[in-house]
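Taking it in order: structure first as structure tokens, then the write-up.
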Amino acid sequence: MPVRRQPSLTAGVTSHIWPSGGRHLWPSGQASAQQSHARGHLVYAASGVLAVHTERGTSVVPANRVAWTPAEFTHHHRAHGDTDMRIVFLAPSLARLLPEHPAVFLASDLAREVLLALTGSRNYDDTAPGYSRSARSRLLRVLVEELREAHEQPLHLPEPRDDRLQAIARMLYERPADNATLAELGKTIGAGTRTLSRLFRNELGMTFYEWRTQLRVYHALVLLADGHDTTQTASACGWANPSSFIAAFTNLIGTTPGRYRTGRQSAAHASQLPTVVKPSG
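The UniProt record's numbering numbers the first residue of the sequence shown as 1 and each following residue consecutively.
Now the structure itself:
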């Protein structure tokens, strides 16, 4: 049987935590402190959009993705939109089956349901029957096997280490709609196009334009979570028209922005559990 924990209220966050996992209801914009854990863990956003920041970069976790952070990786989380964050810690015997680096996986329907079960109310509500140790063990193995069958997703935005790339990243984080070419950005920081192209390839494993597209989709997920429509989001993230935005978004996320918003609303409704105590005020 899981060890029950009372909900804690900190800075507008409602948390239920137990040894093998937890559930946090965060208001939009809430961020955790820098932390690391002795065990690797999976995080899933049942509603809202979650960003997981490590020294390797940022993993974006929309409704159909699961983020993996290995043991001892320093990280922090940030919620975009009111976010229902689920956490599952893995024993070393299961963690070794997943990558040694932070990763994002596509969440199958089965993986999603197992995650919700492993972090649902029966883990912390004394009025509901909890899972036995053997049942939890079986569910965890099913979850890990589902993730092993899934491909890693391109929603991990790598963090540049080179000073020149960091300067470009800062500019585009602040102005994702900026359509300056790499040559124009290079003039601003005093670096040539060939040098910057080589740095993007060698350090981040992608071209500048691939990296900027991922950055823009990351911002799009945040805007959609905050209620912006497709046309507003496309303009704010630098696409000339909604159709090109929809194509780029669908290529990375696997669904259109409109279906993504609808799916998030459905997931948020389905994940609401009446036993959760919400912050007062």
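Ideal Cβ placement from N, Cα and C applies to all residues, glycine included.
These figures come from a predicted structure and were not determined experimentally.
**OP:** State yes or no: is the C-beta of L97 within less than 8 Å of the C-beta of A117?
**Re:** As a first step, residue 97 is located in the sequence shown; it is residue number 97 there, counting from the start. As a first step, residue 117 is located in the sequence shown; it is residue number 117 there, counting from the start. No.
**OP:** Rounded to whole angstroms, what's the CA-CA distance from S244 to G238? Just pull it up for me.
**Re:** If you number the sequence shown from 1, residue 244 lands on position 244. If you number the sequence shown from 1, residue 238 lands on position 238. Going by the C-alpha atoms only, they are around 10 Å apart.
Original post:
With P242 and T230 assumed to form a contact (beta carbons below 8 Å), what rounded beta-carbon distance in angstroms separates them?
Top reply: Taking the first residue of the sequence shown as 1, we reach residue 242 at position 242. Taking the first residue of the sequence shown as 1, we reach residue 230 at position 230. So it is a contact: roughly 5 Å between Cβ atoms.
Subject >> Residue from E149, Q232, T233 and L165 with nearest C-alpha to L204 >> reply: Here residue 204 refers to the residue found at position 204 of the sequence shown. Among E149, Q232, T233 and L165, the Cα nearest to that of L204 belongs to L165.
**OP:** Express the C-alpha separation of W26 and V13 in angstroms, rounding to a whole number.
**Re:** Here residue 13 is taken as the residue at index 13 of the sequence shown, counted from 1. Here residue 26 is taken as the residue at index 26 of the sequence shown, counted from 1. Roughly 5 Å separates the two Cα atoms.
Original post:
Would the beta-carbon of T119 fall within 8 Å of that of R23?
Top reply: Here residue 119 corresponds to residue number 119 of the sequence shown, with the count starting at 1. Here residue 23 corresponds to residue number 23 of the sequence shown, with the count starting at 1. Yes.
Original post:
Alpha carbon to alpha carbon, what distance is there between F105 and E145?
Top reply: By one-based count along the sequence shown, residue 145 stands at place 145. By one-based count along the sequence shown, residue 105 stands at place 105. Rounded to whole angstroms, E145 to F105 spans 12 Å at the Cα level.
Original post:
Does the beta-carbon of T233 have 16 or more other beta-carbons within 10 angstroms, so that it is buried, or is it exposed?
Top reply: Here residue 233 refers to the residue found at position 233 when the sequence shown is read from its first residue. Per the 10 Å Cβ criterion, buried.
Original post:
Which residues in the same chain have their Cβ closer than 8 Å to the Cβ of A31, if we skip the five residues on either side of it in sequence?
Top reply: Looking up residue 31 in the sequence shown gives position 31. Cβ within range, chain order: H76, H77, R78 and A79.
Original post:
When the Cα atoms are used, what is the spatial distance from G29 to L182?
Top reply: Position 29 of the sequence shown, counted from the start, is the residue given in the question as residue 29. Position 182 of the sequence shown, counted from the start, is the residue given in the question as residue 182. About 31 Å.
**OP:** Taking only the alpha-carbon atoms, compute the straight-line gap between R175 and E72 and give it to the nearest angstrom.
**Re:** Translated into the one-based positions of the sequence shown, residue 175 becomes position 175. Translated into the one-based positions of the sequence shown, residue 72 becomes position 72. Taking the straight line from one Cα to the other gives about 33 Å.
Original post:
With burial defined as no fewer than 16 other Cβ atoms inside 10 Å of the residue's Cβ, what is the status of G186: buried or exposed?
Top reply: Position 186 of the sequence shown, counted from the first residue, corresponds to residue 186. So G186 counts as buried.
Original post:
For D84, which three-state DSSP category applies?
Top reply: The residue given as residue 84 occupies position 84 in the sequence shown. In the structure shown, D84 sits in a strand (DSSP, three-state: E or B).
Original post:
Would DSSP call H24 helix, strand or coil?
Top reply: On the sequence shown, residue 24 is found 24 positions in, with the first residue counted as 1. Note: H24 maps to strand in three-state DSSP.
Original post:
Within this structure, are the beta carbons of residue 331 and A225 separated by less than 8 Å?
Top reply: A question about residue 331 goes unanswered here, because the residues of the chain that appear run from 1 up to 281.
Original post:
Quick one, are the C-beta atoms of L143 and V114 less than 8 Å apart?
Top reply: Taking the first residue of the sequence shown as position 1, residue 143 is located at position 143. Taking the first residue of the sequence shown as position 1, residue 114 is located at position 114. Yes, they are a contact pair.
Original post:
Expressed to the nearest angstrom, what Euclidean distance is found between the alpha-carbon atoms of G214 and P129?
Top reply: Working through the sequence shown from its first residue, we reach residue 214 at position 214. Working through the sequence shown from its first residue, we reach residue 129 at position 129. A quick correction: the sequence has Gln, not Gly, at residue 214. Pairing Q214 with P129, the inter-Cα distance amounts to about 43 Å.
Original post:
Under a Cβ-count criterion, where at least 16 other Cβ atoms within 10 Å of its own Cβ denotes burial, should P160 be classed as buried or exposed?
Top reply: Indexing the sequence shown from 1 puts residue 160 at position 160. Buried: at least 16 other Cβ atoms inside 10 Å.
Subject >> H219, enclosing beta strand (DSSP E) - first and last residue >> reply: As a working mapping, residue 219 is identified with position 219 in the sequence shown. Run containing H219: none in the beta strand (DSSP E); it sits in the alpha helix (DSSP H), F208 to A225.
Subject >> Cross-strand partners of L252 (DSSP beta bridge) >> reply: Translated into the one-based positions of the sequence shown, residue 252 becomes position 252. For L252, which the question treats as bridged, DSSP gives no partner whatsoever.
**OP:** Compute the distance between the beta-carbons of L223 and F208, then report whether it is under 8 Å.
**Re:** As a position in the sequence shown, residue 223 is number 223, starting the count at 1. As a position in the sequence shown, residue 208 is number 208, starting the count at 1. Their beta carbons are not under 8 Å apart, which means L223 does not touch F208 by this criterion.
**OP:** Under the assumption that R39 contacts A95 (Cβ atoms under 8 Å), give the Cβ distance between them as a whole number of angstroms.
**Re:** The residue labelled residue 39 in the question sits at position 39 within the sequence shown. The residue labelled residue 95 in the question sits at position 95 within the sequence shown. Between A95 and R39 the Cβ distance is about 7 Å, and since that is below 8 Å, they are a contact.
Original post:
In three-state DSSP terms, what is F245?
Top reply: The sequence position of residue 245 within the sequence shown is 245, counting from 1. The answer is helix: DSSP assigns F245 an H, G or I state.
Original post:
Just the Cα atoms here: how many angstroms apart are V60 and G258?
Top reply: Here the question's residue 60 lines up with position 60 in the sequence shown. Here the question's residue 258 lines up with position 258 in the sequence shown. Put simply, the backbone Cα of V60 is about 18 Å away from that of G258.
Subject >> Buried versus exposed call for R261 [16 or more other C-beta atoms within 10 Å across all chains shown] >> reply: Along the sequence shown, one-based indexing puts residue 261 at 261. Classification for R261: buried.
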